[in-house]
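First up is the structure itself, then whatever we jot down about it.
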Amino acid sequence: MTPAPLSPSYEPERQSRRILGPIFGLACLVATSTGVVVLSILLGAVVAAVIRGSQGGSVLGTLGHLLTSMQSSTPESAGFRAGVVGSLWLLGLVAAFSIPVGIGAAVFLEEYVSAGRIRRIIQLNIANLAGVPSIVYGILGLALFVRAFGYKNLAFGPTLWAGGLTLGLLILPVIVIATQEALRTVPNSLRQAAMALGASRWQVVRDHVLPSALPGILTGVILALSRAIGETAPLLMVGAAGSILRLPKGPSSRYTALPVEIYNYAKEPDPKYQAVAAGGILLLLALLLTMNATAIVIRNRYARSSRG
Amino acid sequence: MAFLFGCAAITVITTAGIVLVLGSETIHFFRATGESILEFICGTQLEPEAVPPRFGILPLIWGTMLIAIGSSLIALPIGLLSAIYLSEYAPRKLRAVLKPTLELLAGIPTIVYGYLALLLVTPALKGILEPIGLQVETFNALSACIVVGVMIIPMVSSLSEDVLSAVPRGLREAAYGLGATKFEVSTRIVLPAGLSGVVSSFILAISRAIGETMAVVLAAGLRPQLTFNPLTSIETMTAYIVGVTSGEASAGSPEYLSLFAVGMALFVITLTLNVISGFVLRRYREVYQ
């Protein structure tokens, strides 16, 4: 039997095969490291801007000053107190609204409806909501919560209620999707065992499924809340005002938020305000980093305990 | 049970609310101005304060496209190469460090990127391009393209990487068994097998760039114009919406209503892209046992 003739393109030793591979691998490595490089440049530039603005004072001292002073017409005395307090208020309102609703929706989809048309429609709807630009939520909040289509006694006006509900709707799909994923990791045997012992569906969910999915749900919730903290565009739409000189007293007060104040300072052409904005960014990043680190710690502790 | 159903219903009501708000106010807008949809989309004059006001949003659509194209040119290749590196090349330990870093990058608020464009990118562009005779404006599209591009890299890389690492090991082993190099396995076996996920992540990233607001407002400015020059100021649809709200337009005026019409156009564009992305992912997915 004679061997089949070799194809003319069969050239296992050709030069390009040996050269192309390493070049490609290097290109991939360079591309991946852009992320790390960008992150370091970003942090470095912001810290450098704060140091330049602090004029000999310590960075921590400057941040402390920014944290305790209100807005001001002079960059030397300007700070983010009203914004930080406003953002914490928003965080509370968003959490109070979107955590129960998000987990409720996810439990409904995963534990109560069987795969069918209703579930498919809601699922598709949530996936699409997750991709709607945040500014569109801002428009929704403006028409629905701030102005209530012109019905004055139903409208919240530009208050914390309107801001909190708008951001709550914005992160709702994120919480639902994260919770669903956490619920799916709970083994079915757990549900069946509880049901076999006579537990009702709600008892199964309350006593067994939710507790064992809790770390995953918490991680998702914290990441979603940290997204809400950084959102700026929808808050500009629903009236987080530029100049607020009083701290909010309750959810129906007017307010401003940390990222909105950063935006207002960053717009100013005076480089001294740029330094103030950089300080605000450091405060914001510190807050976000704390939240993210908490989420990672919860995830890791859970991963360890489930293995052991 | 009723409570749980109510929770799920809220998500559907939200969608209905968005469509209803945008739809009804857009109809008000067209009634109030007497413009046709064609004039609105294809008109090149955007002068809300002129008498009579003119609302042709073609400059906004063009500005948005410029940002989307420019940022994709940066983010798609870098994101895809990162995904291939993470899934095919990276040692396990390095990967354990790189993946969370990219996730962290994805969690940085867009306002920070906008600030960085003003603080760092635009001055750098001026420093590089002005000595060779190119005029760079303080607000320019290129600077916005760069920061938006960087911003959407993690999205492309993490979604693509998920799909690439899900390609079964057996396919790779078979190719190696036939004498393929790592480069050949990555580009001829793994990439085609995960192509649907890669394409879908590309579309999602473009949609994200189109909907991006704060970085674009701060970096590219608020001047609607039809230009091919990325070194001048432009205005995107999102920036226009922010501009109208922070301006003096009173509720019910044509300028105020126009923000809903522009919002509707934005919503339709991003929704279409997201639906296409989901369709590509489902329809062309290679299913392995």
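Sequence lines, in order, name chains A and B. Counted the way the working numbering counts, the first sequence spans residues 1 to 308. Counted the way the working numbering counts, the second sequence spans residues 1001 to 1289. In this text, a Cβ means the ideal position worked out from N, Cα and C, and glycines have one as well. Source: prediction; values computed, not measured.
Pairwise C-alpha distance: residue j and residue i
i	j	result
Ser-134 of chain A	Gly-157 of chain A	20 angstroms
Gly-168 of chain A	Leu-1266 of chain B	21 angstroms
Thr-159 of chain A	Ser-1250 of chain B	18 angstroms
Arg-307 of chain A	Asn-300 of chain A	The predicted position of Arg-307 of chain A is uncertain, since its pLDDT is 42 and thus under 50; a value taken from the coordinates is nonetheless stated next. Near 11 angstroms, if we compare the C-alpha coordinates of Asn-300 of chain A and Arg-307 of chain A.
Ala-1008 of chain B	Glu-11 of chain A	60 angstroms
Cys-1145 of chain B	Ser-1233 of chain B	12 angstroms
Met-1214 of chain B	Leu-20 of chain A	40 angstroms
Ile-281 of chain A	Gln-274 of chain A	10 angstroms
Ile-175 of chain A	Val-38 of chain A	28 angstroms
Ala-1220 of chain B	Tyr-1115 of chain B	12 angstroms
Gln-15 of chain A	Ala-1166 of chain B	32 angstroms
Phe-1040 of chain B	Glu-1248 of chain B	22 angstroms
Gln-1045 of chain B	Ile-1061 of chain B	12 angstroms
Leu-1226 of chain B	Ile-1057 of chain B	10 angstroms
Asn-188 of chain A	Ser-200 of chain A	15 angstroms
Pro-1168 of chain B	Ile-122 of chain A	31 angstroms
Tyr-1256 of chain B	Val-1216 of chain B	21 angstroms
Leu-63 of chain A	Leu-170 of chain A	30 angstroms
Residue i at chain B interface by Cβ criterion, 7 angstroms
i	result
Phe-145 of chain A	no
Ile-262 of chain A	yes
Pro-259 of chain A	yes
Asn-368 of chain A	Any answer about residue 368 of chain A is impossible in this case: the structure gives chain A only from 1 up to 308.
Phe-108 of chain A	yes
Arg-326 of chain A	Residue 326 of chain A is absent from the structure shown; chain A starts at 1 and stops at 308.
Arg-307 of chain A	Note that Arg-307 of chain A scores a pLDDT of 42, beneath 50, so its modelled location is shaky and nothing firm can be said.
Beta carbon of residue i nearer than 7 angstroms to that of residue j
i	j	result
Arg-1095 of chain B	Leu-1086 of chain B	yes
Leu-1159 of chain B	Leu-1231 of chain B	no
Met-237 of chain A	Leu-142 of chain A	yes
Thr-1026 of chain B	Phe-1202 of chain B	no
Gly-138 of chain A	Pro-259 of chain A	no
Val-1275 of chain B	Ser-1196 of chain B	no
Val-221 of chain A	Ile-99 of chain A	yes
Tyr-265 of chain A	Val-276 of chain A	yes
Val-1136 of chain B	Leu-1118 of chain B	no
Val-1262 of chain B	Ile-1241 of chain B	yes
Thr-179 of chain A	Ile-103 of chain A	yes
Val-46 of chain A	Val-59 of chain A	no
Thr-1236 of chain B	Gly-1063 of chain B	yes
Ala-1050 of chain B	Ile-1152 of chain B	no
Val-1185 of chain B	Arg-1172 of chain B	yes
Leu-1218 of chain B	Ala-1239 of chain B	no
Leu-1020 of chain B	Phe-108 of chain A	no
Residue i at chain A interface by Cβ criterion, 7 angstroms
i	result
Thr-1011 of chain B	yes
Pro-1109 of chain B	yes
Val-1147 of chain B	no
Thr-1272 of chain B	no
Cys-1007 of chain B	yes
Gly-1063 of chain B	no
Ile-1018 of chain B	yes
Leu-1159 of chain B	no
Thr-1101 of chain B	yes
Val-1150 of chain B	yes
Tyr-1085 of chain B	yes
Ala-1050 of chain B	no
Phe-1267 of chain B	yes
Within chain B, partners of residue i - CB distance below 8 angstroms
i	result
Met-237 of chain A	Ile-1241, Val-1242, Thr-1245
Ser-134 of chain A	Gly-1211, Thr-1213
Interface residues of chain A facing residue i [CB-CB closer than 7 angstroms]
i	result
Phe-1202 of chain B	Residues of chain A passing the Cβ test: none, with the nearest at roughly 14 angstroms.
Three-state secondary structure (DSSP) of residue i
i	result
Glu-1047 of chain B	strand
Arg-254 of chain A	strand
Thr-159 of chain A	strand
Phe-1055 of chain B	strand
Lys-272 of chain A	helix
Arg-307 of chain A	Bear in mind that the predicted position of Arg-307 of chain A carries a pLDDT of just 42, short of 50, making it unreliable; the figure below should be weighed with that in mind. The answer is helix: DSSP assigns Arg-307 of chain A an H, G or I state.
Pro-1123 of chain B	helix
Met-1001 of chain B	coil
Met-291 of chain A	helix
Lys-152 of chain A	coil
Within chain A, the residues that residue i reaches when beta carbons sit closer than 8 angstroms
i	result
Lys-1182 of chain B	Gly-21, Gly-25
Ser-1082 of chain B	Cys-28, Ala-31, Thr-32, Thr-34, Gly-35
Contacts of residue i in chain A (Cβ-Cβ under 9 angstroms)
i	result
Leu-1218 of chain B	Tyr-263, Ala-266, Lys-267
Val-1112 of chain B	Leu-42, Val-46, Gly-230, Pro-259, Ile-262, Ile-281, Leu-284, Leu-285
Val-1021 of chain B	Ile-139, Leu-140, Leu-142, Ala-143, Leu-144, Phe-149
Contacts that residue i makes with chain B (C-beta to C-beta distance below 9 angstroms)
i	result
Gln-274 of chain A	Tyr-1115, Leu-1118, Leu-1119
Gly-216 of chain A	Per Cβ cutoff of 9 angstroms: no residues; Gly-216 of chain A is ~16 angstroms from chain B at best.
Contact with chain C by residue i, beta-carbon distance below 7 angstroms
i	result
Ile-1078 of chain B	Given the protein chain composition of this structure (A and B), no chain C is represented.
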